[in-house]
Amino acid sequence: MSTRLDSPAEAAADATPAGNHARLVRRRRLSRWDLQLSPYLYISPFFILFGLVGLFPLIYTGYLSLHDWDRLYYQRGEYIGLENYRFVLTDPVFLKSLVNTFSIFLMSSVPQVIVAVAVAALLDTHLRGRTFWRMSVLLPFVVAPTAAVLIFGSLFADKYGVVNAILDGIGLEPIRWHVDRWWSHFAIAGMVNWRWTGYNALIFLAAMQAVPRDLYESAALDGAGRIRQVFSVTLPMIRPTMIFVIVTSTIGGLQIFTEPRLFDDTPQREGGPDHQYMTSTLYIYVKGIEDQFYGRASAAAWVLFLIIVGIALLNFGITRLVTRRQA
Amino acid sequence: MRITTTGPGRRPPSHRGRLALGAVAALVLGLTAACGDDSDPTKSADQEELGEGESLTITTFGEFGYDELIAQWNEEHPELQVEQTKVSLWDDWKNELNTLLQANEGLPDVVAIEGDFMPALVAAPERWVDLSSDEVDGRWLEFKSAAATTSDGALLGYATDAGPEAICYRADLFEDAGLPTDRAEVAALMTTWDDYYALGEEFVAESDAKWYDASGSVAQAMLNQVEYPFEQADNSVDVENDDLRAVYDTVTGYSGSLSTGVSQWSDDWTAGFQNDGFATIPCPGWMRSNIRDNTGDPAPNGVVWDVADVFPGGAGNWGGSYLSVPKSSAHQEQAKEFAAWITAPEQQIQIFEQYGNFPSQVAALEDPALLSSTDPYFNAAPVGEIFSNRASAITVQPYHGPLYSDILGKFQEAITRVDQGGDPEESWETFVTEVESLQ
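First to last, the protein sequences are chains A and B. Numbering (the working numbering) for the first sequence: 1 to 327. Numbering (the working numbering) for the second sequence: 1001 to 1439.
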């Protein structure tokens, strides 16, 4: 940003007689401030909001994580150093929740991105009623997660669920969706995928439409078929978008909360009675809100934050590597 | 705006950059200080008049049966309108309540509290309004009001209902399995837990249905006959006691044979009512409306619910709630007035007749309207008489310390783990560890 621009005000100031000097100096100063400070003023709402709802909670959480918590009076207790971190990192439930988080994340994000690319590639062809198809894939995204879980809850109920009725009908053993750890992850990942695949597909579609059409023409002239075109033209051209989607779905995938929380039909809702599908965000909620240990919940939140930052940095590294190779 | 070639990231931190950092730091520190300086939750809020269009708020969970009564109140008191929020499950409301208490903001004027949670209020009484008054003195069964009274004599909650337990059973399934269906005969067959389980084994041999609705519900029923289930009289936690272990071993021992294996209040549990999933259910007064709603009213073809005037092992009380007023309420007098009205015997009898929630008010228990009441849905059983008998048979009031509600949740989870095929010993150890981490 340039600050050395001659403004009309400054130009005018130079031309006035010396009698008004003091006033002019003030005015000039004001206009310089205007130039220098206004941009910051305009972007400040974001930073003020971020400070209030992002940065402050982050730091306050860190502060709480070093303190005990008075459960009866819901108040901060005394300073206890890293005790909460010791508790969290040695808590088998937390470690279990980390494994669950990564398992659900892999089961959701990986197929999600692959299917989204495939759907986008299909939508990018000359379909009849294109807008209709494009809007349809977004439909699950409009459904509130809570409603989606209700639907999936009756699909994946252990005893009287639709999926098990079908399995039973074709002579297979019913699956205990709320009991078997990996199957429960599968069901939860299914909900996440159902909701987000269409959304990601539309982002990919937007990127695909920005790919110059003449590339396809020359590829076709070179004898590349449809599939070959997708792999050799489309995918390399939408790589930055892929990375964007991968990063956002990584962050989202590591913070899955609503689905496991509501998928659990025991009254405690702690991600299954044996914490089969308790994710780390759910662990934080259970520790903080249910068990009323804000310090431990805060410590767990910071551990999860650091893990996500670590993975985001990893993604950033990959991004740089890929973009550099492209250049 | 002109795009410069040097991006902001490459420039060494300028004077202005440091200034910005300083500003952010000041902002954060300022906020931390502002929040560290918590408003005192034990201080009473400034009292205000209800303005135009404002209502007194009350949040209940499950089914308190207040819809009609609140409509009636609102008609009679145009100047004091009441607005009810209903949460479906206590566990969900408890979490929200904890959050609101922590923020000390957004609490309704009248808060419904499940009986198991009352000890936590009594342990931290400064946050709640003392509701005692001459008008309500002696209104409730001794054990109900005692549980809500602090050592200083402050009454922190008006009791709504009590949960004397009977056994509700499916007469049609009993008949199919060759068991007697008459409620007096059924009652004679299950006076002890041993009899109850033995009859269950007889039943499941002859039927596709299970004996009871959920392991957790029978466990809860048995727990309500243990004097010190989780905590000793000095509130020290002791879950490795023989009584508790006996309940655990019995219930998990029958987990595969007599229990449906689903957890109570789950979708599968609800579906079990309609799918002939089980034949009996421990049945506090308030359970009747759950049975009716889950089975369907009118009952599906052939389904006959009945209630036997018996409870294995003597008697027990399950649940029963309170209405409390937090000090954060700006309308404490009005809240108290309304809570006193809606927990009065006359209102509670009306709720009993409509919803089945059994009154905890002495006057209501002696009321002829209550004693003569029958329930057509339960094969015209004399429910008033049955639940009165069950209430007067109660001898043991289990001791509930401030952690009772939390530990109960973990205990239920431990049983559910075994229901789902987990090893009972392993699950018990997990339970003990989890209880330790609550302290």
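Beta carbons are placed, not taken as given, at the ideal position from N, Cα and C, and that holds for glycine. Values in this document were obtained by computation on a predicted structure and should not be read as measured data.
For residue i, tell me which candidate among the options has the shortest Cα-Cα distance.
i, options, result
"T1057(B)", "G1106(B), D1116(B), P1368(B) and R1288(B)", "G1106(B)"
"Q1102(B)", "T266(A), L35(A), Y73(A) and Y85(A)", "Y73(A)"
"Y1322(B)", "A1299(B), Q1348(B) and V1310(B)", "Q1348(B)"
"P1378(B)", "F1358(B), I1342(B) and P1298(B)", "One detail in the question is off: residue 1378(B) reads as Phe in this sequence, not Pro. F1378(B) has its Cα closest to that of P1298(B), out of F1358(B), I1342(B) and P1298(B)."
"P1229(B)", "A1380(B), G1053(B) and D1116(B)", "D1116(B)"
"E1385(B)", "G1401(B), I1407(B), D1406(B) and F1358(B)", "F1358(B)"
"F94(A)", "E270(A), P145(A), R23(A) and L314(A)", "E270(A)"
"D1152(B)", "A1177(B), V1136(B), V1087(B) and A1124(B)", "A1124(B)"
"P57(A)", "L313(A), L314(A), W302(A) and G310(A)", "W302(A)"
"T1060(B)", "I1113(B), A1335(B) and I1415(B)", "I1113(B)"
"G1200(B)", "N1235(B), V1226(B) and G1256(B)", "G1256(B)"
"G1065(B)", "N1290(B), S1215(B) and L1244(B)", "N1290(B)"
"E1413(B)", "P1078(B), S1217(B) and Q1439(B)", "S1217(B)"
"I238(A)", "G253(A), A206(A) and Q268(A)", "A206(A)"
"P1368(B)", "Y1355(B), V1383(B) and P1376(B)", "V1383(B)"
"D1040(B)", "P1119(B), W1128(B) and P1078(B)", "W1128(B)"
"A1159(B)", "A1166(B), S1145(B) and C1168(B)", "S1145(B)"
"D1046(B)", "S1328(B), P1345(B) and G1053(B)", "S1328(B)"
"P92(A)", "G288(A), F132(A), G310(A) and T279(A)", "T279(A)"
"V115(A)", "N193(A), L139(A), I166(A) and I170(A)", "N193(A)"
What in chain A is Cβ-close to residue i, meaning under 9 Å?
i, result
"W1265(B)", "D265, T266 and P267"
"P1382(B)", "Residues of chain A passing the Cβ test: none, with the nearest at roughly 32 Å."
Is the beta carbon of residue i sitting closer than 8 Å to the one on residue j?
i, j, result
"Y294(A)", "L64(A)", "yes"
"N1224(B)", "G1316(B)", "yes"
"G1319(B)", "G1163(B)", "yes"
"A157(A)", "D1267(B)", "yes"
"W1428(B)", "Y1248(B)", "yes"
"D265(A)", "G153(A)", "yes"
"V1325(B)", "L1131(B)", "yes"
"R1170(B)", "V1304(B)", "yes"
"I188(A)", "E259(A)", "yes"
"S298(A)", "T101(A)", "no"
"F357(A)", "Y277(A)", "Any property of residue 357(A) remains undetermined from this structure, which presents chain A solely from 1 to 327."
"V1307(B)", "A1166(B)", "yes"
Since residue i meets chain A, which of its residues come closer than 8 Å, beta carbon to beta carbon?
i, result
"A1271(B)", "A157, K159 and Y160"
"P1300(B)", "None at all; the shortest Cβ gap to chain A is about 15 Å."
"E1227(B)", "Chain A residues near E1227(B): none, gap ~24 Å exceeds 8 Å."
Strictly below 7 Å CB to CB, what residues from chain A border residue i?
i, result
"R1417(B)", "P273 and D274"
"L1089(B)", "P267"
"N1275(B)", "Y160"
For the beta strand (DSSP E) containing residue i, name the first residue and the last one.
i, result
"K1043(B)", "No beta strand (DSSP E) holds K1043(B); DSSP gives it neither H nor E."
"R269(A)", "Careful: R269(A) lies outside any beta strand (DSSP E) and carries neither H nor E."
"E1114(B)", "V1110 to E1114"
"K96(A)", "Unbroken run through K96(A) is the alpha helix (DSSP H), P92 to L123; no beta strand (DSSP E)."
"Q75(A)", "Q75 to Y79"
So residue i contacts chain B; which residues on that side make the cut at Cβ distance below 8 Å?
i, result
"G190(A)", "In chain order: nothing, as chain B lies at least about 17 Å away."
"L72(A)", "A1120, A1123, A1124 and P1402"
"S154(A)", "D1267"
"V179(A)", "Q1420 and G1421"
For the alpha helix (DSSP H) containing residue i, name the first residue and the last one.
i, result
"K1144(B)", "E1142 to A1147"
"R213(A)", "R213 to L221"
"F1431(B)", "P1424 to E1436"
"D1406(B)", "Y1404 to D1419"
"L282(A)", "S280 to Y285"
"V1129(B)", "From DSSP, V1129(B) is part of no alpha helix (DSSP H); its letter is neither H nor E."
"G288(A)", "Element bounds for G288(A): n/a, residue is neither H nor E."
"I243(A)", "R239 to G253"
"P140(A)", "R130 to V142"
"E259(A)", "T258 to F263"
"N960(B)", "Nothing can be reported for residue 960(B), as the shown portion of chain B is limited to 1001 through 1439."
"S1392(B)", "V1383 to S1392"
"Q276(A)", "Neither: Q276(A) is in no alpha helix (DSSP H) and is coded neither H nor E."
Output, in chain order, the set of chain B residues within a Cβ distance shorter than 7 Å of residue i.
i, result
"Q292(A)", "N1098"
"I80(A)", "Going along chain B, no residue has its Cβ under 7 Å from I80(A), so there is no contact; the nearest lies around 15 Å."
"I289(A)", "N1095, N1098 and T1099"
### Message
Threshold first: 3 residues or longer. Then list the beta strand (DSSP E) segments lying entirely within the stretch 22-71 of chain A, N to C.
### Response
Runs of the beta strand (DSSP E) inside the stretch 22-71 of chain A: 67-70.
### Query
Which residue spans inside the stretch 1241-1326 of chain B form an unbroken beta strand (DSSP E) run of at least 3?
Counting only runs of 3 or more, we get 1278-1284, 1305-1308 and 1321-1324.
### Task
Write down every uninterrupted run of the beta strand (DSSP E) in the stretch 144-200 of chain A whose length is 3 residues or greater and which is fully enclosed by it, in chain order.
None, since the stretch 144-200 of chain A contains no complete beta strand (DSSP E) of that length.
### Query
Which residue spans inside the stretch 1052-1124 of chain B form an unbroken beta strand (DSSP E) run of at least 3?
For the stretch 1052-1124 of chain B, whole beta strand (DSSP E) runs of length 3 or above, ordered along the chain, are 1056-1061, 1082-1087 and 1110-1114.
### Message
As an exercise, report each continuous alpha helix (DSSP H) stretch of at least 4 residues that is fully enclosed by the stretch 1138-1222 of chain B, in chain order.
### Response
Listed in chain order, the complete alpha helix (DSSP H) runs (minimum 4 residues) inside the stretch 1138-1222 of chain B are 1142-1147, 1171-1176, 1183-1189 and 1193-1206.
#### Entry: Start-end ranges of the beta strand (DSSP E) lying completely within the stretch 1320-1363 of chain B, minimum 3 residues
Counting only runs of 3 or more residues that sit fully inside the stretch 1320-1363 of chain B, the beta strand (DSSP E) segments are 1321-1324, in chain order.
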